[in-house]
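Going by this note's numbering, the final residue of the sequence shown carries number 258, and the count climbs one at a time with no gaps.
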Amino acid sequence: MYKKALLTINLLAAFASAAMIRFPQGVKDIFPCYEPHGHFCKIADYASFTTMPMDGVLEFVENKVDCFYGEGHAYIIARSNAPEQIRDSVFGGSKSRCYDDNMNCGNLGEDVEVPRYTKNSGLYFYSCKNSKATAKGCKPVEKGMEILVTDDLKISNLSRDALLYYFKASQRKSLDSLMAWLLKNHRLQDFHQTLPWGLKDEDVVKAGNTAAPRWTGMNFYLRKKKIESKSYKRGNFSSFADVMKACKDWVVAHEAP
């Protein structure tokens with residue numbers, strides 16, 4: 002039944018990923034958005050046909066991490082400088098309004114709000130939620146997305162909420178009770194995180210190796226329950242692998258039945 006709950010989470014992530022418009026090509030998918038500049042138009046922002054890359058290097062930005070353990074696996078969650086992204090309509094009802102026509106950006110004719118038609122009107126695109134966009138992608142932010150890393154140092158595009166949901170679902174004592182719980186607690190939002198395009202496992206490990214010596218705190222959870230917080234001297238960890246080992250070592254001594 003634990004596998005059933007995990008399958009539910011994976012399916013949710015898979016469906017979200019399948020919603021992409023086309024095979025991603027990184028910076029090649031980025032196009033400019035225009036705004037009025039007198040009777041002309043100027044570039045004001047950028048959007049992308051697919052998930053935007055990060056115009057900068059991934060870093061972990063806090064001095065602590067969270068260690069989770071449940072159903073036989075350990076996980077690390079750490080705050081990064083990766084900005085969030087919006088998937089939204091370029092035009093109607095958009096939170097991130099984008100005029101993709103440099104000949105008409107809302108300033109030609111009285112009360113012009115959006116062009117009636119362009120080649121991109123009505124489609125969905127990605128834009129930066131809380132950072133500046135460039136022709137190369139979204140700029141890093143001071144406090145960005147949490148990154149979930151599995152015990153084999155692989156990045157996951159699932160969120161903290163997804164992990165906690167999985168742990169809670171896994172507590173069901175029978176398949177029938179699990180399915181009944183899933184039907185009552187079915188959630189689609191907040192499970193899948195839009196990670197920057199092109200972000201690889203090795204990028205996360207590299208960021209973890211850089212951050213590890215300054216990490217001085219770790220919170221430990223058995224499934225959803227926080228059990229302990231520990232402090233460390235600066236430089237206690239020399240690599241991301243050391244941090245994960247500390248998480249696993251704690252698990253050995255505190256694993257729940």
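From the three backbone atoms N, C-alpha and C, an ideal C-beta is built for every residue, glycine too.
Computed from a prediction, not measured in an experiment: that's the story for all the values here.
DSSP lists no bridge partner for glutamate 60. Segment contact: the stretch 206-218 against the stretch 230-250, three or more CB-CB distances shorter than 8 Å; contact assigned. In the structure shown, the three-state DSSP call for tyrosine 233 is coil.
Ranked by Cα distance from lysine 231, the first of Asp202, Thr51, Lys201 and Cys248 is Cys248. Within the same chain, Cβ atoms closer than 6 Å to the Cβ of lysine 155 are found at Asp202, the five residues on either side in sequence being excluded.
Residue pairing of asparagine 220 in beta bridges, as defined by DSSP: Asp67 and Ser230. By the neighbour-count definition (other C-beta atoms within 10 Å, threshold 16), alanine 254 is an exposed residue.
Beta-bridge partners assigned by DSSP to valine 150: Ile77 and Ile156. The C-beta distance from tyrosine 127 to arginine 88 rounds to 5 Å, short enough to fall under 8 Å.
In this structure, Val66 is the residue among Gln26, Val66 and Val28 with its C-alpha nearest to the C-alpha of glutamate 229. Rounded to the nearest whole angstrom, the C-alpha separation of valine 150 and methionine 55 is 19 Å. For aspartate 46, the uninterrupted beta strand (DSSP E) segment begins and ends at 41-49. For alanine 45, same chain residues with a beta-carbon under 7 Å away, outside a window of 5 residues either side, are Cys34, Tyr35 and Glu36 in chain order. Within the DSSP bridge table, the entry for glutamate 36 names Lys43 as partners.
In this structure, valine 28 places its C-beta atom within 8 Å of the C-beta atom of glycine 138. In the three-state reduction of the DSSP assignment, glycine 27 falls in the helix class, which pools H, G and I. In the DSSP assignment, the residues bridged to tyrosine 100 are Tyr35. In the structure shown, glycine 138 falls within a strand segment according to DSSP collapsed to helix, strand and coil. Annotation for alanine 254: the continuous alpha helix (DSSP H) segment containing it runs 241-255. Under the three-state reduction of DSSP, proline 54 is assigned to strand. The continuous alpha helix (DSSP H) containing glycine 209 extends over residues 202-212.
Per DSSP, the unbroken alpha helix (DSSP H) holding serine 171 starts and ends at 161-171.
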